[in-house]
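Here's the structure, in structure tokens; my notes come after.
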Amino acid sequence: MTVTAFPAHARRRRVHVTGADGNLGRRVLTRLSAEPDLRDGSARASDVVVHLGAGDHDTRARRRENVTDGAAAMLDDATVGGAGHLVLVSSAMVYGAYANNPVPLTEDAILRPDAEFVYARQLATVESMADRWRRATPGRTVTVLRPVVVMAADGTSSLARAIASGLGRRLGEEDSAAQFLHLDDLASAIVLAVTRRMDGVFNVAPDGWIPAERVRALTGESPRIKLPDRVAQVVDAVRWRFQRGPIPPGLRSYIREPWLVANDRLKAEGWQPAVTNEQAYVEGTESRWWTMITPKRRQELSLSAMAVATVGGAVAAFSLSRAWRRRR
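Residue numbering for the sequence shown follows the numbering used here, beginning at 3 and increasing consecutively.
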């Protein structure tokens, strides 16, 4: 779907955005409309195509659409429309989550999506399709963006909620650190890819990551009892089947093992994240505000509260004493 949002001008590059009716699409269109060198294009007449559909897990699942089928149709339209640049929103999940993953992963890492997670495998296939489209005609360029878990108050997908729900909830040393990207920061990366016509693969993530214990603290909950791996898999599968659990099959590895990415390549192009991992997580999960307070600050607030209570108690006692003496 394309939403007209750009002021018309014959000399401006035409940009066609697929999946523009979602929360990410609306953010992207708002930013693109402020760019003086761009105007709205169409599926069959565009210079730049921004494909958001592949990265929209919920819409694809709701419509029962195959990610690769949608990408094939988009690439056909881009070819007919004469587009020379493609911006594809994929996911860092294409790297796969494994204990032997380097920390952090760079864009040169081999793609090893979990064999049981169909969506991640399809995204890796779409990336290959985009690369073939680029090589088919000289002069074409493709930007592939691989964001980590994306969250926002109005734009957290069921997939992101499932990952966030499972992270940092187990006892032991196997908990993995995590990264959470705000939807606004992803939108700014997309617009940068359009305006600079970036060619290549770029991870999209805030600086650093959140340790597992901090993720647990942000949830405001205690860690769950650790079960043997095989038992945990069976329990999760049964809970998901009867809609009693948040973790779908194939997603467990992304909760247990690291898939942390570096953002140096994108930052070298001028992109800067405006929201931290913690801020994105709290906004996207509606965590309680006090989970963002550091232990030291909590202690200070507790001491302050105790001091206020002590002073208040003393004042109350003094007032009662004076009132009692007056009655005598």
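Just so you know, even glycine gets a beta-carbon here, dropped at the ideal spot from N, CA and C.
Nothing here was measured: the structure is a model prediction, and the numbers come from that model.
Asked	Found
Per DSSP, the bridge partner or partners of Pro149	Val206
DSSP state of Leu303 mapped onto helix, strand, coil	Residue placement at Leu303 is flagged as unreliable, the pLDDT there being 47, under the threshold of 50; the coordinate-derived value follows with that caveat. Leu303 falls in the helix class under three-state DSSP.
Top-ranked residue by Cα proximity to Glu339, from Asp110, Ala179 and Ser159	Nothing in the structure corresponds to residue 339, since the chain is present only between 3 and 330.
Paired residues, beta bridge with Phe119 - DSSP	DSSP lists no partner for Phe119.
Cβ pair count under 8 Å reaching 3, the region 101-113 against the region 77-91	no
Sheet register partners of Ser160 (DSSP bridge)	Note: Ser160 sits in no beta bridge, so no partner.
Straight-line Cα distance separating Pro149 from Leu54	12 Å
DSSP state of Pro22 mapped onto helix, strand, coil	Sequence check: residue 22 is Ala here, not Pro. Residue state, collapsed to three classes: coil.
Coil, strand or helix - Arg15 by DSSP	strand
Distance between Ala155 and Arg218 (C-alpha atoms, nearest Å)	20 Å
Cβ-based neighbour list, Arg199, same chain, cut-off 7 Å, excluding 5 preceding and 5 following	His87 and Thr143
Coarse secondary structure for Ala47, derived from DSSP in three states	strand
Beta-carbon proximity check, Ala166 vs Thr287, cutoff 7 Å	yes
Spatial neighbours of Asp39 in its chain, beta-carbon cut-off 7 Å, leaving aside the 5 residues before and after	Arg14 and Arg15
N- and C-terminal bounds of the alpha helix (DSSP H) containing Asp39	Careful: Asp39 lies outside any alpha helix (DSSP H) and carries neither H nor E.
Coarse secondary structure for Ile112, derived from DSSP in three states	coil
Pairwise C-alpha distance: Thr221 and Asp49	44 Å
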